[in-house]
Amino acid sequence: MRYHNITKDDMLNGDGLRVVLWVAGCNHCCRECHNPVTWDPDGGILFDDAARAEIFEQLDKSYISGITFSGGDPLHPANSLDVRKLMAEIRERYPNKTIWLYTGDIWENIFQYPVMQYVDVVVDGEFHVEEKDAKLLWKGSRNQRVIDVKKTMQQRNPKIPVLHCPDYSSPKDAPVPKPVTGAPVTSCVL
Ligand code: SF4
7 MRYHNITKDD MLNGDGLRVV LWVAGCNHCC RECHNPVTWD PDGGILFDDA ARAEIFEQLD
67 KSYISGITFS GGDPLHPANS LDVRKLMAEI RERYPNKTIW LYTGDIWENI FQYPVMQYVD
127 VVVDGEFHVE EKDAKLLWKG SRNQRVIDVK KTMQQRNPKI PVLHCPDYSS PKDAPVPKPV
187 TGAPVTSCVL
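Start counting at 1 in the sequence shown, then tack on 6, and there's your number in my numbering.
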């Protein structure tokens, strides 16, 4: 696996203060992707023991809520196995920290992946620029979903996602519904 960055004390990619691993490799090619430099799986630098230690050093801090895997796509074939192994190690060493995963794939396609046993929250789906809204909580476009993996997996049908949070952190951020236009409705004339 290769990666572009490890960001620290991050407040923009999940609850609390987090360490974020930005992996290399994504084949979703979303229009106006915020991070096209991460598409090439051969880009960035090799994820080595020093990078792993850098992440653990962050997770050792009591005020760090957990780790977020982003990119790129952590579920790209070039990343999925190494991501799963790293998540397993983190889950064992830090059972009280949360693990978030951003992916361009949708929940219905990935909910049975073994990696999900380690994940607390998935933000799924490609970025749709026509549904972009900067006020959305933890996601870039309205089609994406912030999914509570544990609650979802406890359901009778885990294919139906249980959301982790509403679309907006505050009701005042939600867009005002447009008034219905067209001809006024009139009473029936008998
Ligand atoms: S899934 Fe994310 S990284 Fe991949 S192209 Fe879409 S927005 Fe960019």
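The beta-carbon is built from N, C-alpha and C at its ideal position, and this holds for glycine as well.
Quick caveat, the model's predicted, so the values are computed rather than measured.
Where residue i falls: helix, strand or coil (DSSP)
i    : result
I166 : coil
T13  : strand
L18  : coil
T44  : helix
P177 : helix
For residue i: DSSP bridge partner residues
i    : result
L27  : I12 and F75
D154 : V127
The beta strand (DSSP E) enclosing residue i, as first and last residue numbers
i    : result
W113 : Segment W113 to I116 is the alpha helix (DSSP H) holding W113; no beta strand (DSSP E) there.
L92  : No beta strand (DSSP E) holds L92; the alpha helix (DSSP H) holding it covers S86 to R99.
L143 : Unbroken run through L143: none, as it is neither H nor E.
L81  : Per DSSP, L81 belongs to no beta strand (DSSP E) and is neither H nor E.
T104 : T104 to Y108
Limits of the alpha helix (DSSP H) - the one that residue i falls within
i   : result
L65 : D55 to L65
Proximity to residue i [Cα-Cα], best of the options
i    : options                   : result
E137 : V29, D55, P42 and R37     : R37
L18  : P185, N163, K145 and D126 : K145
V125 : V89, K165 and E132        : V89
K141 : H10, G31 and V182         : V182
F133 : D139, M122 and S147       : S147
G31  : G22, R24, V25 and N41     : N41
N11  : L23, C39 and F53          : F53
G78  : C39, L92 and I105         : C39
W28  : K178, R151, E98 and L81   : L81
D66  : F75, H34 and L23          : L23
S175 : W106, I51, T13 and G20    : G20
Y108 : A94, F62, K14 and V155    : V155
W106 : A57, S68, I153 and H34    : I153
V168 : W113, G49 and T74         : W113
Proximity test, residue i beta-carbon vs the ligand HEM heavy atom, cut-off 6 Å
i   : result
F75 : The ligand HEM is not part of the structure shown, which contains the ligand SF4 as its ligands.
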